[in-house]
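Going by my numbering, the first residue of the sequence shown is number 1, and it counts up by one from there. Scroll down for the structure; my scribbles are underneath it.
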Amino acid sequence: MAFDQATRNRLQRLVSEARALLEEEFTRQLQQDYGLDPDNGSIAQIENLRHINDAQRETARILRATLAHYTAGGGTTPVQGLDRIVREQAFTVFNRLAALRMAEARGLLVESVGNGFKAMGFQLYSRLVGSGLGETGEAYGTYLFSVFDEFAQDMPALFDRYSPQGRLFPGETALLHVLDLINDPELEPLWSEDETIGWIYQYFNSADERRAMRKASQAPRNSRELAVRNQFFTPRYVVEFLVDNTLGRLWFNATGGKTELRDRCQYLLVTPDEEPVPARKLRDPRTLKLLDPACGSMHFGLYAFDLFEQIYQEAWDWEQERGPGSLDLSTHPDSDLGRLSQAYTDEAEFLRDVPRLIIEHNLFGVDIDPRAAQIASLALWLRAQRAWHQAGVKAKDRPAVGQGNVVAAIAPPTEKALRQQVAATLNSNDAMLFEQSLDLLEDVAEMGVLLKVEWEIPKLVRKVFGEHGQLYADQDSEQWSGAEVRLRTALTEFAQASRSTFQGRLFAQDAMQGLRLIDLCREVFDVVVMNPPFGALPAGAKAHLTKGYPRSKNDLLAIMVERGLELVRSGGRLGAITSRTCFFLSSFQTWREEVVLGIAHPEVMADLGHGVMDDAMVEAAADVLEKRA
Numbered sequence: 001m002a003f004d005q006a007t008r009n010r011l012q013r014l015v016s017e018a019r020a021l022l023e024e025e026f027t028r029q030l031q032q033d034y035g036l037d038p039d040n041g042s043i044a045q046i047e048n049l050r051h052i053n054d055a056q057r058e059t060a061r062i063l064r065a066t067l068a069h070y071t072a073g074g075g076t077t078p079v080q081g082l083d084r085i086v087r088e089q090a091f092t093v094f095n096r097l098a099a100l101r102m103a104e105a106r107g108l109l110v111e112s113v114g115n116g117f118k119a120m121g122f123q124l125y126s127r128l129v130g131s132g133l134g135e136t137g138e139a140y141g142t143y144l145f146s147v148f149d150e151f152a153q154d155m156p157a158l159f160d161r162y163s164p165q166g167r168l169f170p171g172e173t174a175l176l177h178v179l180d181l182i183n184d185p186e187l188e189p190l191w192s193e194d195e196t197i198g199w200i201y202q203y204f205n206s207a208d209e210r211r212a213m214r215k216a217s218q219a220p221r222n223s224r225e226l227a228v229r230n231q232f233f234t235p236r237y238v239v240e241f242l243v244d245n246t247l248g249r250l251w252f253n254a255t256g257g258k259t260e261l262r263d264r265c266q267y268l269l270v271t272p273d274e275e276p277v278p279a280r281k282l283r284d285p286r287t288l289k290l291l292d293p294a295c296g297s298m299h300f301g302l303y304a305f306d307l308f309e310q311i312y313q314e315a316w317d318w319e320q321e322r323g324p325g326s327l328d329l330s331t332h333p334d335s336d337l338g339r340l341s342q343a344y345t346d347e348a349e350f351l352r353d354v355p356r357l358i359i360e361h362n363l364f365g366v367d368i369d370p371r372a373a374q375i376a377s378l379a380l381w382l383r384a385q386r387a388w389h390q391a392g393v394k395a396k397d398r399p400a401v402g403q404g405n406v407v408a409a410i411a412p413p414t415e416k417a418l419r420q421q422v423a424a425t426l427n428s429n430d431a432m433l434f435e436q437s438l439d440l441l442e443d444v445a446e447m448g449v450l451l452k453v454e455w456e457i458p459k460l461v462r463k464v465f466g467e468h469g470q471l472y473a474d475q476d477s478e479q480w481s482g483a484e485v486r487l488r489t490a491l492t493e494f495a496q497a498s499r500s501t502f503q504g505r506l507f508a509q510d511a512m513q514g515l516r517l518i519d520l521c522r523e524v525f526d527v528v529v530m531n532p533p534f535g536a537l538p539a540g541a542k543a544h545l546t547k548g549y550p551r552s553k554n555d556l557l558a559i560m561v562e563r564g565l566e567l568v569r570s571g572g573r574l575g576a577i578t579s580r581t582c583f584f585l586s587s588f589q590t591w592r593e594e595v596v597l598g599i600a601h602p603e604v605m606a607d608l609g610h611g612v613m614d615d616a617m618v619e620a621a622a623d624v625l626e627k628r629a
């Protein structure tokens with residue numbers, strides 16, 4: 001089934017109804033079970049909750065610690081914090097159920113969500129455990145928890161039942177209703193499609209919600225508004241057009257046109273007689289890096305995954321034909337990374353590892369919405385599982401996939417007492433570096449990769465450790481890398497320490513995410529592809545953005561393009577879907593002259609017109625720029 005408008009409308013109704021059901025259910029639970037009222041922000045004392053059991057009492061404590069973490073900086077009220085808790089719990093539960101349904105469609109899981117209480121997996125489970133787990137609804141919940149725990153080994157960001165975003169679970173009536181929605185026969189074909197999870201992410205926030213935000217303020221007032229107002233799914237043909245002419249084109253050039261991507265990439269623009277000069281050495285595919293700096297559900301990454309599979313196959317064949325040394329590893333930071341033929345005993349072992357290599361080496365994503373990072377990581381994991389399933393690789397033989405390179409650009413933790421507790425475990429220099437690196441990330445929730453942290457880290461290192469003379473750049477990097485290892489270790493130990501509270505663990509997790517973003521911004525990418533946010537600058541970061549991007553300050557999309565070119569290497573390519581008006585309005589003249597034509601030069605442009613991104617009221621264009629040497 002194609003994702004035509006009628007199909008998308010049905011999916012949108014499903015997501016909207018499921019969200020409303022789950023939010024109503026979790027609001028009721030907070031009020032009646034846990035003494036937390038999202039309507040007025042009131043918080044009852046835990047000792048007064050005499051009607052709940054010990055497990056619920058622990059959940060009550062965790063919910064209060066989560067609320068305290070969300071409101072610690074003073075910028076969030078208890079009502080706003082509880083609203084966020086309800087929204088996140090609903091999103092996580094629905095994503096879990098949808099993810100399991102997609103796993104079933106890919107042969108990764110016995111029927112567990114499909115067919116609800118009559119699911120084959122649950123029926124087998126029921127016969128094994130008998131009536132020891134209570135009524136059917138209770139037993140089914142316990143069964144799903146066991147499935148969540150199994151998937152949490154690979155996808156803790158989504159399936160960890162002890163995470164702050166996944167503590168609640170719907171009662172039987174609400175759960176059955178959501179299962180009925182998911183198992184609508186008309187939607188059955190969608191669960192095998194990679195795009196489905198992206199449409200679910202977009203539809204979780206309705207068009208009415210976006211319109212209300214725009215009506216209330218011309219500019220986004222916070223990071224959530226910025227994310228929701230710019231949450232438009234990129235159509236598949238636009239994704240293919242941009243990835244074909246960035247990643248596909250780079251590989252086409254590297255191989256001298258001798259690649260199957262020439263025929264496979266339907267939008268790759270190559271003249272019939274074009275034959276690039278072949279390179280003496282082919283780039284080792286493990287050194288190629290693609291970034292989506294506003295990744296959403298990682299739709300660009302999912303298609304790039306397809307191309308990378310072909311690229312890895314051709315790299316292996318290239319090395320077999322030309323022998324050791326025919327792959328260029330000079331751009332890879334891991335000096336101990338061997339040649340492909342040295343790292344793998346045979347082609348079958350190599351190909352079995354390719355999905356893991358793609359996720360851990362090639363694909364990078366950032367989003368200011370932590371829910372997007374959750375979805376993006378899930379989408380890539382499912383894509384890897386599909387590759388192994390199609391190749392006939394059994395689950396027990398599949399390589400373990402690490403956490404990957406999808407980062408949520410979330411605000412750094414603000415609890416001063418917890419900062420001091422972590423700093424107390426560090427030496428004086430590392431403590432200062434820790435405090436000031438968190439300060440650097442103050443605006444990251446609204447700016448994401450637009451915050452040029454990699455420019456500030458060397459200054460901060462020299463401030464803390466002193467100048468290093470003429471070779472300071474390399475030594476700064478070494479100083480930071482060493483200090484970062486110590487900071488990560490300290491945060492991990494702090495989160496695991498018996499004296500640490502649940503709020504302390506949340507603090508450590510958020511601080512660790514900030515370090516991951518700094519690491520990502522210090523990378524150099526071969527390809528940047530994106531559907532960037534458009535329009536007015538967010539109110540809270542406007543001054544920072546205006547100062548940091550004087551050539552592009554009139555529109556977020558212009559800033560995102562300039563920043564993308566900063567992150568890409570010379571000769572690398574940037575692909576973006578933008579407004580077409582930025583190429584002729586006088587207000588973009590400086591940007592066109594100094595960025596589009598100054599830093600880069602246009603390679604490809606497609607004028608797409610209206611109606612490209614669902615209900616986005618913009619005349620769109622798809623552009624590919626190559627960064628000048």
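Where is the CB? At the ideal position from N, CA and C, for every residue including glycine. As the structure is a computational prediction, the values presented were derived from the model and not from experiment.
Check: M1 burial status per 10 Å Cβ neighbour count (16 or more: buried); Outcome: Note that M1 scores 47 on pLDDT, short of 50, meaning its location in the model is unreliable; the coordinates nonetheless yield the value given after this. Flag for M1 reads exposed.
Check: Buried or exposed (CB count within 10 angstroms, at least 16 for buried), D443; Outcome: buried
Check: Reduced DSSP category for R570 - H, G, I as helix; E, B as strand; rest coil; Outcome: Just to set this straight, residue 570 is Ser in the shown sequence, not Arg. If DSSP states are grouped into helix, strand and coil, S570 belongs with the strands.
Check: For W199 and L340, believed in contact at Cβ under 8 angstroms, the rounded distance; Outcome: Going by Cβ atoms, the distance from L340 to W199 rounds to 37 angstroms, so no, they are not a contact pair.
Check: M605 - DSSP class collapsed to helix/strand/coil; Outcome: strand
Check: Helix, strand or coil at S579 [DSSP, three-state]; Outcome: strand
Check: Cutoff 7 angstroms; reference F159; Cβ partners in own chain excluding five residues on either side; Outcome: R96, F148, F151 and A152
Check: Run of the beta strand (DSSP E) containing K627, from where it starts to where it stops; Outcome: A620 to K627
Check: When E104, D4, A304 and V464 are compared against S437, the one with the closest alpha-carbon; Outcome: V464
Check: Inter-residue Cα distance where the pair is L440 and V366; Outcome: 17 angstroms
Check: Residue range of the unbroken alpha helix (DSSP H) whose run includes G514; Outcome: F502 to C521
Check: Span separating the alpha-carbon of A536 from that of D555; Outcome: 6 angstroms
Check: Member of A6, F91 and H51 whose CA lies at the smallest distance from the CA of A18; Outcome: F91
Check: Q313: CB within 7 angstroms of a non-hydrogen atom of the ligand GDP; Outcome: Looking at this structure, you won't find the ligand GDP or any other ligand, since it has none at all.
Check: Whole runs of the alpha helix (DSSP H) within the segment 74 to 135, excluding any shorter than 4 residues; Outcome: 78 to 105 and 120 to 129
Check: Selection from Q29, N253 and P538 that minimises the alpha carbon distance to K553; Outcome: P538
Check: Start and end residues, alpha helix (DSSP H) containing L22; Outcome: Q5 to Q32
Check: C-beta contact flag for E603 and E626 at 8 angstroms; Outcome: yes
Check: Outcome for S297 when other beta-carbon atoms lying within 10 angstroms are tallied against a minimum of 16; Outcome: buried
Check: Segment limits, alpha helix (DSSP H) that includes D526; Outcome: That residue, D526, is in no alpha helix (DSSP H); its beta strand (DSSP E) goes F525 to M530.
Check: Close Cβ partners of E104 (< 8 angstroms) along its chain, the five nearest in sequence each way excluded; Outcome: V110, E111, S112, V113, G114 and W191
Check: Nearest neighbour of Y549, chosen from D263, G404, F588 and N531 [CA to CA]; Outcome: F588
Check: 8 angstroms Cβ shell around I52 - same chain, five flanking residues per side excluded; Outcome: D33, Y34 and A60
Check: In DSSP terms, what F169 is bridged to; Outcome: Beta-bridge pairing links F169 to no other residue.
Check: Cut-off 7 angstroms between Cβ atoms - residues of its own chain near I85, not counting five sequence neighbours on either side; Outcome: L63, T66 and L67
Check: Rounded straight-line distance, which links the Cα of V15 to that of P639; Outcome: There is simply no residue 639 to check, as the chain begins at 1 and stops at 629 in what is shown.
Check: Limits of the alpha helix (DSSP H) - the one that G548 falls within; Outcome: K542 to G548
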